[in-house]
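Report on one structure; see the data block that follows.
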Amino acid sequence: MSKNKKERNNMSLTHDYSSTLRKEEVLVVLLDKSHFYQTLKEDMTLFSEKYRFTLHTLCSEDDHIEGKKSDFKIKHLIYISDKMDDYHLEEKFSKFCSHFNSMTICFSYSSFLSFEKSRDKIEEYKVKYGNTVNFLRPDDTSEPIKPNHVKILDNSVCDTVRIKYIAKNISKNLNIPDGIIDFFKKCSLLYEEENLFHRASSDGFFAFKFNSDIYITSTKTNKINLNLDRISAIHSYDPKLNIIEYSGLYIPSSDSVEACTIFEKLPELTTIIHTHASEKITRNNSLKKYIIAPPLPYGERKLGLIISENLRNMTDHKWGILEDHGEIFTSNLKSTTEAFDEVKQNIINILSESAKNELDRIFNLDSKENIKKLINKSGLECSKHKRDLELHVNSPL
Ligand SMILES: [Zn+2]
184 MSKNKKERNN MSLTHDYSST LRKEEVLVVL LDKSHFYQTL KEDMTLFSEK
234 YRFTLHTLCS EDDHIEGKKS DFKIKHLIYI SDKMDDYHLE EKFSKFCSHF
284 NSMTICFSYS SFLSFEKSRD KIEEYKVKYG NTVNFLRPDD TSEPIKPNHV
334 KILDNSVCDT VRIKYIAKNI SKNLNIPDGI IDFFKKCSLL YEEENLFHRA
384 SSDGFFAFKF NSDIYITSTK TNKINLNLDR ISAIHSYDPK LNIIEYSGLY
434 IPSSDSVEAC TIFEKLPELT TIIHTHASEK ITRNNSLKKY IIAPPLPYGE
484 RKLGLIISEN LRNMTDHKWG ILEDHGEIFT SNLKSTTEAF DEVKQNIINI
534 LSESAKNELD RIFNLDSKEN IKKLINKSGL ECSKHKRDLE LHVNSPL
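Positions in the sequence shown are counted from 1; adding 183 to them yields the working numbering.
Here is the structure:
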């Protein structure tokens, strides 16, 4: 694993999500200096009421920033600017860091080329600020290219209160069967070994259904060296009231609504593994044929309904890509060992396909020297294939 990625694993949580945050504990400050998002302020106000956080909007960084001396437990900034070539950016980041626990930064770029040119600088910032700063990838490709409205809106929730459902704890005590503990441990190892995350090792979730309970990782859980206390069991989900009843010490995954919907619509399923293998799978152009859901807000029933509908129609494989988001791998097998093996095989197969496609593309384009650089730079990190490729490029012509 690269040094940068390791550093991104060091998660210091301002809240451990053992309880739901109250509106007066969470501050989101929206500072939009662009003129691209006409209804963002209104939509985020609605989100703040629906998902229970306090929202302040600013017009300039010189405005008085509320909450500096207040009791907010989480203070998150969403900073939107139409230019990245701002000489005072470092200065601004330092000022922001003294006010906020975390930040979402949204830049727009005049063209794809200018975005490409900025990538190294962004990577530098990611290393410097770690998990504190989230740079939203520009995915709205009409120029100027910029992060889309829905994604910015979702960020006001996913970096703060996290869940869009109402969590109702039935018991803090939870006895997890040994086979299921084993399953989660193996998922954690695979997740680490194949780097199945993008922004942080809290991305995604592991879930196994046993006797009508869904065992699932809790929200904002580090999936590497998984702490078994962070497995919860969902007993029920009421779509009308949007309530999830669960047992365990921590609130279930913020994707629990999709997970419950998929398990409900496909009752034969036992297993769902959700990953964010960005360059290798999610955003790999050669794998677009596997997309089963368009970009949609996370944590909502609609996404679960679309995923289950498409999984139902599949005959040859049981997994798919959620566009610009991540992957879902599933199994119907009742044995935790067999279900894990099936999911693992599908993950390895698709990583191999991705690596092979990437190799074909590179061989058509470049010299061996460039291939070596690209192996290290690209998302081509499927452990087996990376070794194969390194052997290949190190061999004499
Ligand atoms: Zn996800």
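Ideal Cβ positions, reconstructed from N, Cα and C, are used throughout, including at glycine.
These figures come from a predicted structure and were not determined experimentally.
Length of the line joining the Cα atoms of E586 and T404:
The shown model of the chain, from 184 to 580, leaves out residue 586, and the question about it has no answer.
Quick check: what's the CA-CA separation for L494 versus T203?
Near 32 Å, if we compare the C-alpha coordinates of T203 and L494.
Three Cβ pairs or more, each shorter than 8 Å: is that satisfied between the segment 306-322 and the segment 281-291?
Between the segment 306-322 and the segment 281-291, the count of C-beta pairs closer than 8 Å reaches three or more; the two stretches touch.
Any heavy atom of ligand 1 closer than 7 Å to the beta-carbon of G387?
yes
Between the segment 478-486 and the segment 337-356, do at least 3 Cβ pairs fall closer than 8 Å?
yes
What would DSSP say about L580, mapped onto helix, strand or coil?
Residue placement at L580 is flagged as unreliable, the pLDDT there being 42, under the threshold of 50; a coordinate-derived value is accordingly withheld.
According to DSSP, what are the bridge partners of K206?
Note: K206 sits in no beta bridge, so no partner.
Is there contact here, the segment 500-513 with the segment 428-436, by at least three beta-carbon pairs under 8 Å?
no
Pair every Cβ in the segment 529-541 with every Cβ in the segment 464-477, then say whether three or more of these pairs are closer than 8 Å.
yes
Taking C-beta to C-beta, are E244 and K275 nearer than 8 Å?
The answer is yes: Cβ separation under 8 Å.
Among S293, K448, F391 and T458, which residue has its Cα nearest to the Cα of S264?
Nearest C-alpha to S264: S293.
On a CA-only basis, which of F283, F298 and T454 is nearest A522? Give me that one, please.
That would be T454, whose Cα lies nearest to the Cα of A522.
Looking at A442 and A390, is the spacing between their C-beta atoms short of 8 Å?
yes
Between the Cα of I328 and those of L238, F295, K304 and G503, spot the shortest distance and give me the residue it belongs to.
F295
Please decide whether E521 counts as near chain D, where near means a Cβ-Cβ distance under 8 Å.
The structure shown has no chain D; it contains just one protein chain.
Helix, strand or coil at S185 according to DSSP, with G and I counted as helix
At S185, the pLDDT of 43 sits below 50, so the modelled position is not reliable; the number obtained from the coordinates is stated separately. Coil.
Going along the chain, which residues of its own chain have a beta-carbon closer than 7 Å to the beta-carbon of K527, five neighbours each way excluded?
Hits under 7 Å: L373.
How many Å lie between T324 and S291 at the Cα?
Distance between the alpha carbons of T324 and S291: 10 Å.
Any non-hydrogen atom of ligand 1 within 7 Å of H381 CB:
Remark: the shortest separation between the CB of H381 and any heavy atom of ligand 1 does not fall under 7 Å.
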